[in-house]
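Novice: The sequence shown begins at 13 in the numbering used here and counts up by one. Quick reminder that beta carbons are idealized off the backbone N, C-alpha and C, glycines included. Sending over a structure as structure tokens; questions will come in a sec.
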Amino acid sequence: MSATDKTSIASEAPAPRVEARAATNTILLCAGGACISSGEESCLQALRATLEKYALQDVVKVVETGCMGMCDAGPLMILYPEGVFYQKLKPSDMEQIVSEHLLKGRIVESKLFVDPSTKVKITSAYDDHPFFTKQVKIATRNMGVIDPMSIEEYIARDGYFALRKVLQEMTPEQVTHTLKKRGLRGRGGAGFPTGLKWELTRKVPGKEKFVLCNADEGDPGAFMDRSILEGDPHSVLEAMAIAGYAVGAQKGYVYIRAEYPLAIERLTEGIKQAKEYGLFGENIMGSGFSFDLEIRMGAGAFVCGEETALIESVEGKRGQPRVKPPFPAQKGVWNKPTLNNNVETYANIPPIILNGPEWFTRIGTEKSKGTKVFCLAGKIKNTGLVEVPIGITLREVVYDIGGGIPNNKSFKAVQTGGPSGGCIPAEHLDMPIDYETLKTIGTMMGSGGMVFMDEDTCMVDVAKFFLQFSVDESCGKCTPCREGNRVMYEILERITNGEGEEGDIERLETLGQSIIDSSLCGLGQTSPQPVLSTIRFFRDEYEAHTREKRCPAKVCRSLIRYHIDESKCVGCTACARVCPVAAISGSLRKPHRIDPEICTRCGSCIEVCRFGAISKITPI
């Protein structure tokens, strides 16, 4: 886009906000949620103080960006024009970075990432860092690059050009046709064709329609939508305006959980800026199209991620699913035709509109086009946010991007799709990650959470954890979900307590399938998946728990005991001093012992033993 074009979009503002800068260096400092919790704000204060110390505050521009992705290495910094990537920063590092790098041109090598396979120090993150090299950024294209609180920086990267294109050059029918042709599928989990959903909503008659954005991200280990709203709110705002034009809606709502204060802050500022620039409101860009947007905050109920429960909550009611049909496209908010997409889906819209007809379809698989944003969490070296082409193999995600499993442990499984998804075992590491393939092995894409597990993970305990989440989050409206999941949880509780019986595994399978077949909404219809998938791939662990009263992973407290090897114990008394129930006896420099009747199996003793004398034993 030309500079003239960019100026024309910005000309709607009552007063320009861009100031001339004489900066010779630009420092991008990650202000995503993970980096903030790691001390980003303290680093920022130290950096600004150091720049003032050396009188560099007028020639060095400091920009707080959204999430850069590599959350475990934060706080993160990229220093331009060289593009040097610094990680694991502390306030005390700012003096050296300013005095050495900015003033003397010397890279601070101690803060560089070292490739564990080659032992080479990486200076350029996006070009050379293994975490980034296989990523393809579409939905996250601006994250870590721009100031999310600046509409000017968004416009400078072709922001709101897609909106102008559809308002000045395209009919609503052409917009929906474009999305259908590009093959974008909903990124909230189900993978419904986005263009088709827009078309269905557009064709429903009605003078008043609504556009919704589902930002009620509740999956354990998931923070994709939050990060996009924190790092690039305007990409979602622009897309919602495009959606309003395409389906005939003049009002939209972003439904976001109140636990995301930073995302809410940046989204609120984004809406304010868009109105100031005439990009929201009446007669946008002289097109005759009007659109406005409000934020609705939820109270953290997982069920409100289901589209009809979300609609109920938007209306101020208790978040409970509605019976379908009618679908939201027919009767949604206040019984008006309503379009609902999630954050990531919207973030894909502007570049799809702007780029050529073959650009998006070249990425992904035949049936699943484009990219998918995932959150890597759990037992993985490189935790964080990644965007990869759909169809990438699980092995590439685990070992090339994720860096493998920590502490030289072996990969055991990964849970996808949140609490409604299934667990994928090591035998499927070379499986492509796409909607159809995941479904064949009893899991789903979901919103994009990936929780990794190593050899020390008990899969029965994992299934119980996710099922407990579903039990706690059930709205209680339908009996299969409310009662069925609770009964399944009680069976799992008995199994992990060493009270499992013959037939329990079969009961879980039968009950799980019944819940899937008869529940009202998607939460209940998918909630048994963690149990069913772990039974499918790890049935031997269930059998060990029920028949042998043994936990192979030595996790379930009722099925293990702690034992001191007298040949290794030196009598240092460290274990006895930390035991909260005085279950360990023994004198100084003499072997100790653990009373299994008193021991609560808290694990404090094994953590402090420096001689490897304490171990877990199963069966008890």
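(1) Kindly indicate which residue of Cys611, Cys584, Cys435 has the alpha-carbon position closest to the one of Arg548.
(2) Is the segment 102–115 touching the segment 416–426, taking contact as three or more C-beta pairs under 8 Å?
(3) Pull up the distance between the alpha-carbon of Ala27 and that of Gln541, whole angstroms please.
(4) In this structure, does DSSP put Ser597 in helix, strand or coil?
(5) Short check: CB of Gln206 to CB of Asn353, under 8 Å?
(6) What's the gap between the Cα of Val266 and the Cα of Gly86?
(7) With Asn419 as the anchor, note down where its alpha helix (DSSP H) starts and where it stops.
(8) Does DSSP put Leu91 in a helix, a strand or coil?
(9) Keeping to the same chain, check which residues put their C-beta closer than 6 Å to that of Gly429; ignore five residues upstream and five downstream.
(10) Measure the Cβ-Cβ separation of Ile163 and Ala46 and say whether it is below 8 Å.
(11) Under a three-way DSSP split, which group does Thr383 fall into?
(12) Given Ser136, which residues of its chain have a CB within under 6 Å of its CB, disregarding the five upstream and five downstream residues?
(13) Tell me the rounded alpha-carbon separation between Gly328 and Gly396.
(14) What does the alpha-carbon distance come out to for the pair Ala321 and Val315?
(15) Does the Cβ of Ala311 have 16 or more other Cβ atoms within 10 Å, making it buried, or fewer, making it exposed?
(16) Would you check if there are 3 or more beta carbon pairs closer than 8 Å linking the segment 121–129 to the segment 355–375?
(17) What alpha helix (DSSP H) runs, 4 residues minimum, are completely inside the segment 39–114?
(18) For a test of the three-state rule: what should DSSP assign to Ala633, helix, strand or coil?
(19) How do the segment 599–613 and the segment 571–578 stand: do at least 3 beta-carbon pairs fall below 8 Å, yes or no?
(20) Which of the three DSSP states is assigned to Asp139 in this structure?
(21) Quick check on the burial criterion: 16 or more other C-beta atoms within 10 angstroms. Buried or exposed for Glu378?
(22) CB Ile402 to CB Gly376, shorter than 8 Å?
(23) Between the C-alpha atoms of Met161 and Pro338, what's the straight-line distance to the nearest angstrom?
(24) Any idea what DSSP makes of Arg613, helix, strand or coil?
(25) Could you compute how far the alpha carbon of Ala255 sits from the alpha carbon of Arg308?
(26) Is the segment 223–238 touching the segment 271–291, taking contact as three or more C-beta pairs under 8 Å?
(27) Span of the alpha helix (DSSP H) holding Ile365?
(28) Using beta-carbon positions only, say whether Arg498 and Val474 come within less than 8 Å of one another.
(29) Please check the pair Cys79 and Met155, which I expect to be a contact at CB under 8 Å, by giving their CB distance rounded to whole angstroms.
(30) Cys621: which of Pro631, Ile629, Lys580 sits nearest, CA to CA?
(31) Does the Cβ-Cβ distance between Leu366 and Lys73 come in under 8 Å?
(32) Taking buried to mean at least 16 other C-beta atoms within 10 Å of its own C-beta, is Arg214 buried or exposed?
(33) Using the Cβ count rule (16 or more neighbours within 10 Å means buried), how would you classify Gly368?
(34) Going by DSSP in three states, Gln147 sits in which element: helix, strand or coil?
(35) To the nearest angstrom, how far is it from the Cα of Leu571 to the Cα of Ala258?
(36) Who are the Cβ neighbours of Asp412 in its own chain at under 7 Å, not counting the five residues just before and after it?
Specialist: In terms of the structure at hand:
(1) Cys435
(2) no
(3) Because the pLDDT of Ala27 is 37, which lies under 50, any placement of that residue in the model is unreliable, and the question is left without a value.
(4) strand
(5) Sequence inspection shows Thr at residue 206; the Gln mentioned does not correspond to that position. Closer than 8 Å, so yes.
(6) 29 Å
(7) Run containing Asn419: none; DSSP gives neither H nor E here.
(8) strand
(9) Thr455, Met456, Gly458
(10) no
(11) strand
(12) Gly95
(13) 34 Å
(14) 7 Å
(15) exposed
(16) no
(17) 45–49, 52–65
(18) The structure shown does not extend to residue 633, since the chain spans only 13 to 632, so no value can be given for it.
(19) yes
(20) helix
(21) exposed
(22) yes
(23) 39 Å
(24) coil
(25) 18 Å
(26) yes
(27) 355–366
(28) no
(29) 6 Å
(30) Lys580
(31) no
(32) buried
(33) exposed
(34) coil
(35) 59 Å
(36) Pro142, Lys146
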